[in-house]
Amino acid sequence: MTAAASAAAGVLALALLPFALSAFHVGVATEILIFALLAMSIDVLAGFAGRTPLCHGAIFGTSTYVVILSAHAIPLPLAMLAGIGAAGLLALLFGVIAVRTSGVYFLLLTLALGLIVWGVCLRWTAVTGGENGVRGDLRQGWLADARALYWLVLAAGTVLAAAMWRLVRSPFGLTLRGIKDSPTRMQALGHDVARHLLLAFVASGLFAGAAGALYALYNDFVSPTTVALPQSVEGLLMAIAGGVGTLFGALAGAALLIGLELFVSAWTERWPTVLGLTAILLMIVAPEGLVGKAGAIMGSRRSTGGIR
Amino acid sequence: MLGFQLLNGFTFAALLFVVASGFTLIFGLLRIVNLSHGALYLLGGYVALAVSGWTGQFAAGVLAAMAAVALAGLALDQGLLRFVRGYELRQVLLTVGVAFVLNDLALVVWGGDTFTVPTPEALTGATEVLGVFYPTFRLFVLAAGALVFMLLSLLIHRTRLGALIRAGVDDAEMVAATGIDIRRVFLGTFMLGSALAGLGGALGGAFLSLYPGADAEILVFSLAVVIIGGRGSLLGAALGALLIGLLNTFGQVWFPELAYFVVFGPMALLLAFRPFGLFGRPA
């Protein structure tokens, strides 16, 4: 089977999934798709440009806030575009500040920038409602149906994932990989490293914003938790669990983490502890991602090394 | 009123310096961004609360907090970080995991209520400075911050251990090659940095109070201090703490809802010109 054919088969299988699931589990599957998009947008930077960000939860959640707040005044499709645009602008701002650094400094800087967004959402109560958050009114008409929303998210997600795939396979994406391996060499070859990284950051932010806009539809509620650090960490862990640099592995990572959350919530309310332990274990045991780890154990394929 | 606000800024800066100095020491020497530093701060605060409650001695609470958090640092370094040695990003994400676990367990033990570490009799009440009556305990925190700065400066610039730390920041491999056990210097620094988080927690627990989420607030301020000051720079941390402390105080007075912009706007502006902070160098 060619890559295109197996991708089409995968999407078809996902499209048929709601017929086998209850409405509740269709909701869970929708959430997995949305977070897989967030994790993919992180992987564009972490896996292909070699810059690991910890601010994508904030970019994602900014879009969610803008969609829910502006949908009171303008039609929903426009509100979603406004959300994606806001995410892109925020990513541009963050990118201008962060792209000159790399490694752990980049991570730290993006973390601090993301925390500012969280602080603003928490304190600016007149607009964001503070800790109480804002309730939306988006799930009306056919959107109220869980299956219809799932198919909408799947359709949008397929287009977005294909766009990300094209991006990382394009000459632009190849340049990014060159920058990941050796920024100084790419600079010497005449590539404008900072501009490429900035463009990659903005593209990644737009994709994260699209995921955040879909999340506004799904959740119909937004609070500072949506832009908080755990959201950024969870997205990054999904990308890592799926294997950084694999792009579509993020879907497996998202399914794993959200499935785990659903599973442990039946036994305990201590999800942050479970998430923290998952992060610790993942870093020690399988930083190359679970798919890569399984492959390495079977000896069938070379591990990509994962996050360093 | 201005004098009062200035003192508020300086005392908050002193607390920030105590917490951020530990962070920047560890970041500078071990290249570990310890994102559980805020959780260690909160842990220190709760330990100080418990111990000063049992013994009735604030000093005992402070010492217990420093010792307990230094031991937590030892356990973190030897029990977990040793498995990801040399991988910067894995180390950071591992400490994020530790922060989540610690905070969640603190929530189980101490619940969601707000606590304040009781201060000793001698430090309650107010003292007149700059023409205003100001809480004595906050002046004590200011003095403690200045003392920590002086002691750390002496340690770094006047002792053999300090010379090793400075050499390790520049080139750890060369230090190891001269026959010095750099791992022990690393471990000692990690425990010292953690103890400073514990001290910060004990002081901050009496000054700002303890609640779930206090760790994230102190962490974001400490990150800003270290980012402004530059990796591993004590003087940078002091200047960064003063800047953030004053901006935060006046920001809250003048623009209460947008205080965050007032604090972090200048940080972003500075980074546009000096991406590695005032005294930092590329890693």
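Protein sequence lines correspond, in order, to chains X and L.
In terms of my numbering, the first sequence has 14 at position 9, counting the first letter as 1, and numbering is strictly consecutive.
In terms of my numbering, the second sequence has 1281 at position 190, counting the first letter as 1, and numbering is strictly consecutive.
Don't be surprised by glycine CBs; every beta carbon is placed ideally from N, CA and C.
Quick caveat: nothing in here was measured; it's all calculated off a predicted structure.
For this session: Starting from the beta carbon of L:Arg1176, find every residue of chain X whose beta carbon is closer than 8 Å, and list them in chain order.
Result: In the second sequence, residue 1176 of chain L corresponds to position 85, counting from 1. Those do not exist, as L:Arg1176 stays about 11 Å from chain X at its closest Cβ, beyond 8 Å.
Problem set entry | Buried/exposed call for X:Asp186, threshold 16 Cβ in 10 Å | On the first sequence, residue 186 of chain X is found 181 positions in, with the first residue counted as 1. So X:Asp186 ends up on the exposed side.
Problem set entry | L:Leu1116 - partner residues in DSSP beta bridges | Within the second sequence, residue 1116 of chain L is the residue found at index 25, counting from 1. DSSP lists no partner for L:Leu1116.
Exercise. Can you tell which of X:Leu262, X:Leu295, X:Gly294 has the C-alpha that lies nearest to the C-alpha of X:Val279?
Worked result: What you label residue 279 of chain X is simply residue 274 of the first sequence in a count that begins at 1. That would be X:Leu262, whose Cα lies nearest to the Cα of X:Val279.
Exercise. In terms of residues, what are the limits of the alpha helix (DSSP H) holding X:Ala2?
Worked result: Shown here, chain X extends from 6 to 313; a query on residue 2 of chain X therefore has no answer.
Problem set entry | Beta-carbon contacts of X:Ala96 that lie in its chain and below 8 Å, excluding the five residues immediately before and after | As a working mapping, residue 96 of chain X is identified with position 91 in the first sequence. Hits under 8 Å: Ile64, Phe206, Val207, Ser209, Gly210, Leu211, Ala213, Gly214.
Problem set entry | Cβ of X:Ile184 within 8 Å of any chain L Cβ | Working through the first sequence from its first residue, we reach residue 184 of chain X at position 179. Output row for X:Ile184: interface = no.
Exercise. Does L:Glu1348 come within less than 8 Å of chain X when only Cβ atoms are used?
Worked result: Within the second sequence, the letter at position 257 stands for residue 1348 of chain L. For L:Glu1348, the answer is yes, since a Cβ of chain X falls inside 8 Å of its Cβ.
For this session: Check the Cβ-Cβ distances between L:Leu1330 and every residue of chain X, and say whether any is below 8 Å.
Result: The residue you call residue 1330 of chain L lines up with position 239 of the second sequence. Not closer than 8 Å to any Cβ of chain X, the Cβ of L:Leu1330 fails to qualify, so no.
Exercise. What first and last residue would you give for the beta strand (DSSP E) that runs through L:Val1153?
Worked result: In the second sequence, residue 1153 of chain L corresponds to position 62, counting from 1. Where L:Val1153 is concerned, there is no enclosing beta strand (DSSP E), although the alpha helix (DSSP H) it sits in stretches over 1149-1170.
For this session: For chain X, find out if any of its Cβ atoms is closer than 8 Å to the Cβ of L:Val1266; answer yes or no.
Result: Indexing the second sequence from 1 puts residue 1266 of chain L at position 175. Not closer than 8 Å to any Cβ of chain X, the Cβ of L:Val1266 fails to qualify, so no.
Exercise. Near X:Glu266, what residues of its chain come up, given a Cβ to Cβ distance below 7 Å and the 5 sequence neighbours on each side ignored?
Worked result: Locating residue 266 of chain X in the first sequence gives position 261, where the first residue counts as 1. Answer for X:Glu266: Trp276, listed in chain order.
Exercise. For X:Gly162, which of X:Ser11, X:Val249, X:Val16 has the nearest alpha-carbon?
Worked result: As a position in the first sequence, residue 162 of chain X is number 157, starting the count at 1. The shortest Cα separation from X:Gly162 among X:Ser11, X:Val249, X:Val16 belongs to X:Val16.
Exercise. Hey, out of X:Phe53, X:Leu120, X:His30, whose CA is closest to X:Ala268's CA?
Worked result: Counting from 1 along the first sequence, the entry for residue 268 of chain X is found at position 263. Here residue 268 of chain X turns out to be Phe, not Ala, going by the sequence shown. Closest by alpha carbon: X:His30.
Exercise. Going straight from the alpha carbon of X:Ala168 to that of L:Pro1226, what length do you get?
Worked result: Locating residue 168 of chain X in the first sequence gives position 163, where the first residue counts as 1. Locating residue 1226 of chain L in the second sequence gives position 135, where the first residue counts as 1. Their Cα atoms are separated by approximately 59 Å.
Exercise. Exposed or buried, what is L:Leu1360 when buried is set at 16 or more other beta-carbons lying within 10 Å of its beta-carbon?
Worked result: Position 269 of the second sequence, counting from 1, holds the residue named residue 1360 of chain L. That one is exposed.
Exercise. With burial defined as no fewer than 16 other Cβ atoms inside 10 Å of the residue's Cβ, what is the status of X:Val290: buried or exposed?
Worked result: Against the first sequence, residue 290 of chain X aligns to sequence position 285. It counts as exposed.
Exercise. Looking only at its own chain, which residues have a Cβ that is under 8 Å from the Cβ of L:Phe1101, when we skip the five neighbours before and after it?
Worked result: Along the second sequence, one-based indexing puts residue 1101 of chain L at 10. Leu1233, Leu1333, Gly1336, Leu1337, listed in sequence order.
For this session: Could you check the C-alpha separation between X:Thr189 and X:Ala199 for me, to the nearest Å?
Result: Here residue 189 of chain X corresponds to residue number 184 of the first sequence, with the count starting at 1. Here residue 199 of chain X corresponds to residue number 194 of the first sequence, with the count starting at 1. Straight-line Cα distance between these residues: approximately 11 Å.
For this session: Using a threshold of 8 Å, state whether the C-beta atoms of L:Val1317 and L:Asn1339 are closer than that.
Result: By 1-based counting over the second sequence, the position of residue 1317 of chain L is 226. By 1-based counting over the second sequence, the position of residue 1339 of chain L is 248. Against a cut-off of 8 Å, the Cβ pair of L:Asn1339 and L:Val1317 comes out as no contact.
For this session: Excluding the 5 residues preceding and the 5 following L:Phe1095 in the sequence, name in chain order all residues of the same chain whose CB lies nearer than 6 Å to its CB.
Result: Residue 1095 of chain L sits at position 4 when you count from the first residue of the second sequence. Counting only Cβ-Cβ distances below 6 Å, and skipping sequence neighbours, we find Val1223.
Problem set entry | Neighbour-count burial assignment, X:Val173, 16 or more Cβ in a 10 Å radius | What you label residue 173 of chain X is simply residue 168 of the first sequence in a count that begins at 1. X:Val173 is buried by the Cβ-count criterion.
Problem set entry | Bridge partner(s) assigned by DSSP for L:Val1223 | Residue mapping note: residue 1223 of chain L aligns to position 132 of the second sequence, counting from 1. L:Val1223 pairs with L:Val1220.
Exercise. Using a beta-carbon distance below 8 Å, is X:Ile312 in contact with chain L?
Worked result: Indexing the first sequence from 1 puts residue 312 of chain X at position 307. By this cut-off, X:Ile312 is an interface position.
Exercise. Do we get a CB-CB distance below 8 Å when we pair X:Gly124 with the residues of chain L?
Worked result: Here residue 124 of chain X refers to the residue found at position 119 when the first sequence is read from its first residue. Yes, its Cβ sits closer than 8 Å to a Cβ of chain L.
Exercise. Three or more beta-carbon pairs under 8 Å between the stretch 1126-1138 of chain L and the stretch 1258-1278 of chain L, yes or no?
Worked result: no
Exercise. Going straight from the alpha carbon of L:Val1239 to that of X:Pro176, what length do you get?
Worked result: Stepping through the second sequence from its first residue, residue 1239 of chain L is reached at position 148. Stepping through the first sequence from its first residue, residue 176 of chain X is reached at position 171. Cα to Cα, L:Val1239 sits roughly 53 Å from X:Pro176.
Exercise. Is DSSP giving L:Leu1299 helix, strand or coil here?
Worked result: Residue numbering aside, residue 1299 of chain L sits at position 208 when the second sequence is read from its first letter. Looking at L:Leu1299 - three-state DSSP - the assignment turns out to be coil, as it is neither helix nor strand.
Problem set entry | Span of the alpha helix (DSSP H), counted from its first residue to its last, around X:Cys126 | As a first step, residue 126 of chain X is located in the first sequence; it is residue number 121 there, counting from the start. Unbroken alpha helix (DSSP H) run through X:Cys126: 108-128.
Exercise. Run through DSSP, which three-state label would L:Phe1375 get?
Worked result: Shown here, chain L extends from 1092 to 1374; a query on residue 1375 of chain L therefore has no answer.
Problem set entry | Limits of the alpha helix (DSSP H) - the one that X:Pro58 falls within | To locate residue 58 of chain X, count along the first sequence from 1; it is residue 53. Premise fails: X:Pro58 is in no alpha helix (DSSP H) and is neither H nor E.
For this session: Output yes or no for whether 8 Å exceeds the beta carbon distance between X:Ala237 and X:Gly119.
Result: The residue given as residue 237 of chain X occupies position 232 in the first sequence. The residue given as residue 119 of chain X occupies position 114 in the first sequence. Sequence inspection shows Ser at residue 237 of chain X; the Ala mentioned does not correspond to that position. Against a cut-off of 8 Å, the Cβ pair of X:Gly119 and X:Ser237 comes out as a contact.
Exercise. Looking at the unbroken alpha helix (DSSP H) that takes in L:Trp1201, where does it start and where does it end?
Worked result: Here residue 1201 of chain L is taken as the residue at index 110 of the second sequence, counted from 1. Run containing L:Trp1201: 1179-1201, per the alpha helix (DSSP H) assignment.
Problem set entry | For X:Val139, the three-state DSSP class (helix, strand or coil) | Counting from 1 along the first sequence, the entry for residue 139 of chain X is found at position 134. Three-state result, X:Val139: strand.
For this session: Report all residues from its chain with a CB closer than 7 Å to the CB of L:Leu1349; omit the five preceding and five following residues, and keep chain order.
Result: The residue given as residue 1349 of chain L occupies position 258 in the second sequence. Excluding sequence neighbours, L:Leu1349 sits near nothing in its chain.
Exercise. Rounded to a whole number of angstroms, what is the C-alpha to C-alpha distance between L:Gln1169 and X:Tyr223?
Worked result: Taking the first residue of the second sequence as position 1, residue 1169 of chain L is located at position 78. Taking the first residue of the first sequence as position 1, residue 223 of chain X is located at position 218. Roughly 43 Å separates the two Cα atoms.
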